[in-house]
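When you line the sequence shown up against my numbering, it's residues 1126 to 1756, in that order. All C-beta atoms in this analysis are idealised placements derived from N, C-alpha and C, irrespective of residue type, glycine included. Below is one structure, written out as C-alpha cells, with a few remarks after it.
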Amino acid sequence: MKILLSWLKDYVQFDKSADELAEDLSMFAHEVESIKKYGDDFVLDLEITPNRGDCLSHLGIARQISAMYDKSLNIPEIEIDDVELSKNIKVVIEKQSICPRFTARIIDNVSIKESPKWLQERITAYGFRPINNIVDITNYAMIDAGQPLHAFDYDKIKYGLMRIRLSKDGEKVTTLDGKERFLPSEAIIIEDEEKIFDLAGIMGGQASEVTNDTKTIVLVGSVFDPILIRRASKKLHHQTDASYRYERGVDFEGSVYGVNLAANLIKETAPDAAVGKLIDKKQVESDKQTVDFTYDQINRLIGTNLDKAAIDSYLTRLHFKVESDTVYVPSFRWYDVKIWQDLAEEVARVFGYNSISRNTPALATNITQNKEWMKRESAKDYLKEKGFTEVYATSFSNKDKIVLLGYNLENCVRIINPIAPETEFLRPSLSVSLLSAAAKNPWSPDLNIFEVAKVFDIKKEYWQIGILSAGKNTKTLQEIINGLNVKAQVAQVDQNILDAFKIRRPINMVIFNSDELPENNQEINYEVSQNKLRDISKFAPTIRDISIIVNADIESNEIEKAITAASSAVLFAEKFDEFVSDKFGLNKKSLAFHIWLQNKTDVVSESEANNEIDCIVKSLQASFKAEQRTQ
C-alpha cells in the first residue's frame, strides 16, 4: 500500500520525517518496505497483512498514526448540496448476504474532463494513470478512504434496473479492459433486463462504461461478501485494487462516506452537476460487535501490569469503545477483532513491544507425568525393538476408503470445506492410513509398520495403535499382542480390500485403542527415566566407529546403553549398521556404532580415544560376550 506523506497530514498532524515515521510504523506492526522521493514529498510503501483491510487507505493508516503518537484524528465533515432528481434506479438484491449494503447517488449533468492537477499528482503517486475526472475521483476516494467505488453511465442501464445476483457457470461479461470473461458460478454480477454490465467488486463492464458523451452517472459504493469476491477473482485469475480491498473486507459504515466524498469532488470539478439524494439499502442491520474481556487476561497474555485506565486509553486511541468489561469494536475492524486476545494484541501495539519488560519464566519443578502418554511411548519403543517402523500420516481420508472398510459415514466426522475429495473426512481407524502406506511401498520385502495416533468419530476422538505386517506369518504379531498384554486379535485383510488398495500380497493387522494398554506390564517399563543434564563442552567431539559380533537375540539399544555407561567420555552412541550372516557363526549378527567422545576441559586426543574404545570393547565383551570385528 503506497502512502503519500503529505496526504497523511490531511488527517493527523505529526512532526516526523519519512524515515522516522517508517521506523515507528514498522514497530507498530505495519512494516514499511521502501521510501521514495516524490518531488518535495515522500511515498512510503507499506506491507499490509491480509487481516488488516482497514489499513488499505490513507485514512486507515492515519488512524494508526493517531493512535501511535496519541494525536487527534481530523476527518472532515462532508456537506452535500443534493437535490431531488426525476431520474431514479431500481435496486434488486436477490440474496442479502452477497451485498449487505448498497450505497449510491445519481449525478446528472456531469461533464467529463481532466481532473485537477493536485488530484492527478496524488493518484499518480499511488500508481494510477489519470484518465478523466470521474474515473480519477473514484480511484482517489478508494485510496483516500478505503471504499471502492464505481461510476456507471445511467443511460446505458435499461429501465434503471440494477439487479445484483450470483452468476451462473458459463455466463459472460466484457469488462473495461476489453476482455470477454466467461464467469464461474457464484461471482457477484449486476445486470439490467438485457445484459450483465458489471463484474461486481472486481471490474466494471464495457456495457455501462463512462465515456466523453456521458451526461448522467450512477456513483455506487457497496459492501460485498469478501469470500465470494476472492473466489471469483481467483477463478478468473484477475485481481484489481477494488477486489484486493473487497476480499479483505471493507468498512460496513464506510460506503456513505466514500460516496459522499466522491460526489463532492465531482461537484467541484463539474459545478453544473446536480447531485441526487442518497440511496442507501442495508440488507442487514449494522449491529454493534462486542468483545468481552478482563484486564487480568490482557496483562497475563502480554506480560504487563497495566492498570485499567491505561488499557482503556490505548483501546480508545484505536477507536474502540470500552464499557466496563465489554469493548465495542469499530465497524472498520469487524473482520479482524473477534476475541479478547485480539484486544490484547492492540494494547501491546500501542504500549510498545519494546516497553514490555523481560521476565524470566518460572520453571516447573514438580511435573506430573502423563501415564497415558508414557504408555503410548513405551509401546512405540517396544514395537521398534520388534523390528517395526513407525509411520506418520494425515488424519484425513476419503469416503470410498471409509465405506470399503465397513464404517458408516453418518458416524464419521465430515470436513466442512475440504480442499480435496481425499480430505473430506477424518479417519475413523488407523487401518485407513496403514493400508495406504502399504500400497505406497509395494516392493519393500519386509513391510512391518505401526502408527500411534488419534482417530475420530462423530462423538469423540481417541488414541489408537495400529500394526501392519505384510506376509503370512502371524506369529510375531501374536507375540506383540501378548507382550503388550492387550485383548486384540490378528486380522487378515480381505482380498477385496487389498484389491481396492492395489496391494498384491497378504496383509495382517492388529488395531486397538491405546487405553487398553494395562497400567503395569512386566515386559515393558512405563516409567520415564529422569534426564541427566550436563554442561555443554566448548570442545568439538571426537567420533569413532566400532563393529562387534553378538548373539542375534541381543537388541541394539541394550548395546547403546552399555556403551554410554562404560565411559564418562561417551557423549552418545548411535547404531548405523546391522548385518546377519553365517560367517559370523550360528545365531550371530554384526552391529556397528558411531561413538561420540567429548571432554569438558580439552579435545579428546588420539591416545585418549584409543584407550576409551578399548575400555568400551572390554565392557561389551564382559557383558555380552561380544567380539570386535577387525574386517
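May I have the straight-line CA-CA distance separating residue i from residue j, to the nearest angstrom?
i, j, result
"I1741", "S1692", "7 Å"
"D1233", "I1313", "27 Å"
"V1075", "L1150", "In the structure displayed, the chain extends from 1126 to 1756; residue 1075 sits before or after that span and is not available."
"D1660", "Q1723", "11 Å"
"I1636", "V1695", "40 Å"
"N1573", "A1518", "16 Å"
"E1680", "K1565", "29 Å"
"Y1532", "I1628", "20 Å"
"E1091", "I1540", "Residue 1091 lies beyond the residue range present for the chain, which begins at 1126 and ends at 1756; the question has no answer from this structure."
"F1581", "I1592", "18 Å"
"L1171", "K1162", "15 Å"
"E1699", "K1509", "15 Å"
"L1602", "D1678", "17 Å"
"E1470", "I1391", "40 Å"
"Q1272", "G1346", "7 Å"
"R1501", "S1639", "7 Å"
"A1395", "I1342", "13 Å"
"L1169", "A1473", "24 Å"
"G1710", "Q1494", "45 Å"
"D1670", "T1689", "14 Å"
"A1545", "S1520", "14 Å"
"D1727", "V1705", "39 Å"
Helix, strand or coil: how does DSSP classify residue i here?
i, result
"F1418", "coil"
"S1672", "strand"
"A1481", "Just to set this straight, residue 1481 is Ile in the shown sequence, not Ala. I1481 falls in the coil class under three-state DSSP."
"I1568", "The displayed chain sequence assigns Trp, not Ile, to residue 1568. Correct three-state label for W1568: coil."
"V1168", "strand"
"S1292", "coil"
"W1721", "strand"
"I1160", "strand"
"K1463", "coil"
"I1315", "strand"
"M1634", "strand"
"S1639", "helix"
"V1235", "coil"
"S1347", "strand"
"N1573", "strand"
"T1228", "strand"
"V1409", "coil"
"I1282", "coil"
"S1197", "coil"
"D1624", "helix"
"K1446", "strand"
"M1126", "coil"
Could you spell out where the alpha helix (DSSP H) holding residue i opens and where it closes?
i, result
"D1525", "1524 to 1529"
"A1250", "1242 to 1251"
"S1191", "1183 to 1194"
"W1588", "Looking at the DSSP string, W1588 is not in any alpha helix (DSSP H); the run it does join, the beta strand (DSSP E), is 1586 to 1595."
"V1260", "1258 to 1270"
"A1395", "First-last for A1395: undefined, no H or E at that position."
"V1742", "1731 to 1749"
"R1501", "1496 to 1510"
When burial is assigned at 16 or more other CB atoms within 10 Å of the CB, is residue i buried or exposed?
i, result
"T1300", "buried"
"I1321", "buried"
"V1409", "exposed"
"N1199", "exposed"
"N1735", "exposed"
"Q1775", "Since the displayed the chain opens at 1126 and closes at 1756, residue 1775 lies outside it and no answer follows."
"R1254", "exposed"
"D1179", "buried"
"T1667", "buried"
"S1449", "exposed"
"K1663", "exposed"
"T1339", "buried"
"Y1478", "exposed"
Does residue i come within less than 8 Å of chain D when only Cβ atoms are used?
i, result
"I1427", "As a matter of chain content, chain D is missing from the structure shown, which is built from one protein chain."
So is the beta-carbon of residue i under 7 Å away from any non-hydrogen atom of the ligand ZN?
i, result
"S1191", "Absence of the ligand ZN from the depicted structure is noted, as is the absence of any ligand whatsoever, leaving it without description."
For the beta strand (DSSP E) holding residue i, just list the boundary residues, first then last.
i, result
"F1704", "1695 to 1705"
"L1324", "1321 to 1324"
Are there three or more Cβ pairs, one per stretch, closer than 8 Å when the segment 1200 to 1220 is compared with the segment 1478 to 1488?
Between the segment 1200 to 1220 and the segment 1478 to 1488 there are fewer than three C-beta pairs closer than 8 Å, too few to call the two in contact.
Is the segment 1270 to 1288 in contact with the segment 1331 to 1342, if contact means three or more CB pairs nearer than 8 Å?
Segments in contact, yes.
Should the segment 1376 to 1383 be regarded as contacting the segment 1454 to 1462, the criterion being three or more beta carbon pairs within less than 8 Å?
Yes, the segment 1376 to 1383 touches the segment 1454 to 1462.
For the structure I just gave you, are there three or more beta carbon pairs, one from the segment 1429 to 1437 and one from the segment 1381 to 1391, closer than 8 Å?
For the pair of segments examined, the segment 1429 to 1437 was found not to touch the segment 1381 to 1391: the number of CB pairs separated by less than 8 Å stays below three.
Does the segment 1304 to 1318 come within contact of the segment 1347 to 1364, defined as at least 3 CB pairs closer than 8 Å?
Verdict: yes, contact present.
If we count Cβ pairs, one from each stretch, closer than 8 Å, do we get three or more for the segment 1412 to 1428 versus the segment 1257 to 1274?
The segment 1412 to 1428 is not in contact with the segment 1257 to 1274.
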